[in-house]
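The next block holds one structure in the form of structure tokens; read it before the comments.
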Amino acid sequence: MVGNCVFCAPGRDEPVYVSGKWRVLLVDEPDYPGFCRVVWNDHVAEMTDLSEADRVEVMNVVWLVEKCIRDVMQPDKVNLASLGNVVPHIHWHVIPRYVNDRSFPDSVWSVAKREPDQKETMFRKGKIPELRKMLSDVLNEQYGLSLQR
Ligand SMILES: [Zn+2]
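Following this note's numbering, the numbering of the sequence shown begins with 15 at its first residue and continues without gaps.
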């Protein structure tokens with residue numbers, strides 16, 4: 015736990031799986047349903063601060079989350095991002111993107127280009143329970159039962 019680091023604290027995002035080393039969160043971003051984060055549990059800044067085995071593991075989790083997002087959310091594109099400039103605590107953003115979302119083709123943190131279509135956004139939000147279940151099933155199968163249950 016480091017100071018006021020948002021990823022050292024539990025936060026408002028919904029954990030869908032928690033391991034001893036990392037966790038997968040469903041992010042509360044109303045314009046981007048299906049937005050997930052893979053967060054390392056310890057306060058570590060850079061991927062190369064991790065052991066090789068841990069680096070491989072965290073990236074494998076990112077690939078599994080991407081696959082679940084593709085299967086359920088059917089995005090036009092998936093964005094993977096690891097910046098950590100604001101919060102230097104390893105976290106990967108895994109974001110389903112659609113050509114008509116708020117800021118496509120720019121990043122989700124860019125200035126909005128359009129008002130997102132409310133009907134489509136609601137349709138995508140409707141897939142969240144299926145995404146939550148698939149993430150939970152896939153990660154439980156690969157890494158054993160989540161510690162949060
Ligand atoms: Zn931290």
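Even glycine gets a Cβ: it sits at the ideal position worked out from N, Cα and C. Just so it is clear, the structure is predicted and the values come from calculations on it, not from any experiment.
- Task: Figure out for me which residue from Pro119, Asp45 and Glu60 has the closest Cα to the Cα of Lys139.
- Result: Asp45
- Task: Work out the CA separation of Val122 and Gly25 for me, nearest whole Å.
- Result: 20 Å
- Item | Alpha-carbon to alpha-carbon, Ile104 and Glu155 | 24 Å
- Message: I'd like to know whether the C-beta atoms of Pro119 and Pro89 end up nearer to each other than 8 Å.
- Response: no
- Task: Evaluate contact between the stretch 69-86 and the stretch 135-151, counting only Cβ atoms and requiring at least three cross-stretch pairs below 8 Å.
- Result: yes
- Can you name the start and end residues of the beta strand (DSSP E) that Arg37 belongs to? Trp36 to Leu40
- Heavy atom of ligand 1 within 7 Å of Phe118 beta-carbon: no
- Any idea if Leu159 is buried or exposed, counting beta-carbon neighbours within 10 angstroms, 16 or more meaning buried? exposed
- Query: Under the rule that 16 or more other beta-carbon atoms within 10 Å means buried, what is Met87, buried or exposed?
  - Reply: buried
- Ignore the nearest five residues each way along the sequence and tell me which others in Ala59's own chain have a CB closer than 6 Å to its CB. Pro102
- Message: Is any non-hydrogen atom of ligand 1 found closer than 7 Å to the C-beta of His57, if you look at the structure I gave you?
- Response: yes
- Message: Helix, strand or coil, according to DSSP, for Trp77 in the structure here?
- Response: helix
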